[in-house]
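Worksheet: one structure, shown below.
Protein chains: 2
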Amino acid sequence: MEKLQQRVKEDGVVIDGGILKVDSFLNHQIDPELMYEVGETIYNKYKDEGVTKVLTIEASGIAPAIMAALKFKVPCLFAKKSVPSTLTEEVYHTDIHSYTKNKTSHVVVSKRFLNENDRVVIIDDFLANGEAALGLYNLVQQAGATCVGVGIVVEKSFQSGKQRLLDAGLDVTSLCEIAALDNGKVTLVGEGEL
Amino acid sequence: MEKLQQRVKEDGVVIDGGILKVDSFLNHQIDPELMYEVGETIYNKYKDEGVTKVLTIEASGIAPAIMAALKFKVPCLFAKKSVPSTLTEEVYHTDIHSYTKNKTSHVVVSKRFLNENDRVVIIDDFLANGEAALGLYNLVQQAGATCVGVGIVVEKSFQSGKQRLLDAGLDVTSLCEIAALDNGKVTLVGEGEL
Numbered sequence: 001m002e003k004l005q006q007r008v009k010e011d012g013v014v015i016d017g018g019i020l021k022v023d024s025f026l027n028h029q030i031d032p033e034l035m036y037e038v039g040e041t042i043y044n045k046y047k048d049e050g051v052t053k054v055l056t057i058e059a060s061g062i063a064p065a066i067m068a069a070l071k072f073k074v075p076c077l078f079a080k081k082s083v084p085s086t087l088t089e090e091v092y093h094t095d096i097h098s099y100t101k102n103k104t105s106h107v108v109v110s111k112r113f114l115n116e117n118d119r120v121v122i123i124d125d126f127l128a129n130g131e132a133a134l135g136l137y138n139l140v141q142q143a144g145a146t147c148v149g150v151g152i153v154v155e156k157s158f159q160s161g162k163q164r165l166l167d168a169g170l171d172v173t174s175l176c177e178i179a180a181l182d183n184g185k186v187t188l189v190g191e192g193e194l
Numbered sequence: 001m002e003k004l005q006q007r008v009k010e011d012g013v014v015i016d017g018g019i020l021k022v023d024s025f026l027n028h029q030i031d032p033e034l035m036y037e038v039g040e041t042i043y044n045k046y047k048d049e050g051v052t053k054v055l056t057i058e059a060s061g062i063a064p065a066i067m068a069a070l071k072f073k074v075p076c077l078f079a080k081k082s083v084p085s086t087l088t089e090e091v092y093h094t095d096i097h098s099y100t101k102n103k104t105s106h107v108v109v110s111k112r113f114l115n116e117n118d119r120v121v122i123i124d125d126f127l128a129n130g131e132a133a134l135g136l137y138n139l140v141q142q143a144g145a146t147c148v149g150v151g152i153v154v155e156k157s158f159q160s161g162k163q164r165l166l167d168a169g170l171d172v173t174s175l176c177e178i179a180a181l182d183n184g185k186v187t188l189v190g191e192g193e194l
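What follows is the structure in structure tokens.
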């Protein structure tokens, strides 16, 4: 997705420790038209797969996921990092560790919203170690549902996440693949070869 | 908004303590087409106000806010309940208490994304005591920005929030107003008078 890649190059800020800051258009301030195009791109990839649900995790996954769900015309379900008082029934749950936040979250979805007939697209803003996507896939498996694919806005291709998802048998669609974040500079996959 | 009101009546579940559970279409599983219509309705109300930004708070405010932002063609900014490691610069901050969760969150937005030239629509999923909306308005005021209106998906009209926002001089647009949640039943404002 060229517009996204351009935006990551232009507005992404590399900070210490290989962290990419994209909070001007993705995970604090959000560009809604860019997110719409992200949703549309993921929809075009999986539109013939009989998708019944888009699954993501709060909070930064919600914007791309709701746009994809709008195109698929299916509900968007977001896993919660804490159990709200209104969630009084049985849940599927798993633990997801964030290396960026150095924090493990106990993540839940209600059993009412995911079952063995569901064909799920998982969407998240970032793919690094794959913890979040694999945690969401774990929830899909607990429900006996099928994961038809994983849509990622920004993939850090120099980390292990993509390979871990492929090893789990998942189809992965990353819209912007980052080869390196060295010397304060974003290098995209394939960029040196242009 | 008739479709929303119908959905609240049909799918909303009243649980003990006057809490309305709408997690099948609003704050856990989300109906994207309903959210699009919510965004469109808020856009139609404020489209001539020169809006430059839509402001909400994670996580349940994001879906309606991003849809409104898509219509306004302006960025959607969501206040964060914890300070991420990537947020290294100065922030506006305030404390917001949730009575439902019995928890006070220290809420931040980066100073880069809100300034005195901004004309802001605040959007949230629920209005009860008004804590979240007033907290967001506080952030707008700290930035010297203008709040042109507050868009609310579901208002509990039997609680004090709406009046507190009006007392603060804010224009409030609530798309579904609930008069009572008694005996496990949702009664909308004006419903008894039909």
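One line per chain: the protein sequences are A and B, in this order.
According to the UniProt record's numbering, numbering within the first sequence proceeds without interruption in unit steps and concludes at 194.
According to the UniProt record's numbering, numbering within the second sequence proceeds without interruption in unit steps and concludes at 194.
Even for Gly, the Cβ is constructed at its ideal location relative to N, Cα and C.
{"Check": "Looking at the ligand ZN, does it come within less than 8 Å of Gln141 of chain A, judged from the CB to the closest heavy atom?", "Outcome": "Of the ligands one can find in the structure shown there are none, so the ligand ZN has no counterpart to examine."}
{"Check": "For Glu37 of chain B, return the contacting residues in chain A, with the cut-off set at a CB-CB distance below 7 Å.", "Outcome": "Going along chain A, no residue has its Cβ under 7 Å from Glu37 of chain B, so there is no contact; the nearest lies around 11 Å."}
{"Check": "Chain A partners of Ser85 of chain B, CB-CB under 9 Å?", "Outcome": "Ile15, Gly17, Ile19, Thr100, Lys101 and Asn102"}
{"Check": "Specify the secondary structure class of Lys53 of chain A as computed by DSSP and reduced to three states.", "Outcome": "strand"}
{"Check": "How close, in whole Å, do the beta carbons of Tyr92 of chain B and Leu139 of chain B come, if the pair is a contact with beta carbons under 8 Å?", "Outcome": "5 Å"}
{"Check": "What residues in its chain sit with their C-beta under 8 Å from that of Ile30 of chain A, if we drop five residues either side in the sequence?", "Outcome": "Ala63"}
{"Check": "Using Cβ-Cβ distances below 7 Å, what residues of the region 23-57 of chain B are close to chain A?", "Outcome": "Asp23, His28, Gln29, Ile30, Asp31, Pro32, Glu33, Met35 and Tyr36"}
{"Check": "Can you list the residues of chain B that Leu77 of chain A reaches, using a CB-CB cut of under 9 Å?", "Outcome": "His28, Gln29 and Ile30"}
{"Check": "Quick one: grab the DSSP three-state call for Glu33 of chain A.", "Outcome": "helix"}
{"Check": "From the beta carbon of Ser110 of chain B, is the nearest beta carbon of chain A less than 9 Å away?", "Outcome": "yes"}
{"Check": "Does DSSP put Ala68 of chain B in a helix, a strand or coil?", "Outcome": "helix"}
{"Check": "Exposed or buried, what is Ile15 of chain A when buried is set at 16 or more other beta-carbons lying within 10 Å of its beta-carbon?", "Outcome": "exposed"}
{"Check": "Taking the alpha carbon of Ile178 of chain A as the point to measure from, which residue in A:Gln141, A:Tyr46, A:Ala132 and A:Lys162 has its own alpha carbon closest?", "Outcome": "A:Lys162"}
{"Check": "Quick check on the burial criterion: 16 or more other C-beta atoms within 10 angstroms. Buried or exposed for Gly50 of chain A?", "Outcome": "exposed"}
{"Check": "Please state whether DSSP places Glu116 of chain B in a helix, a strand or coil.", "Outcome": "coil"}
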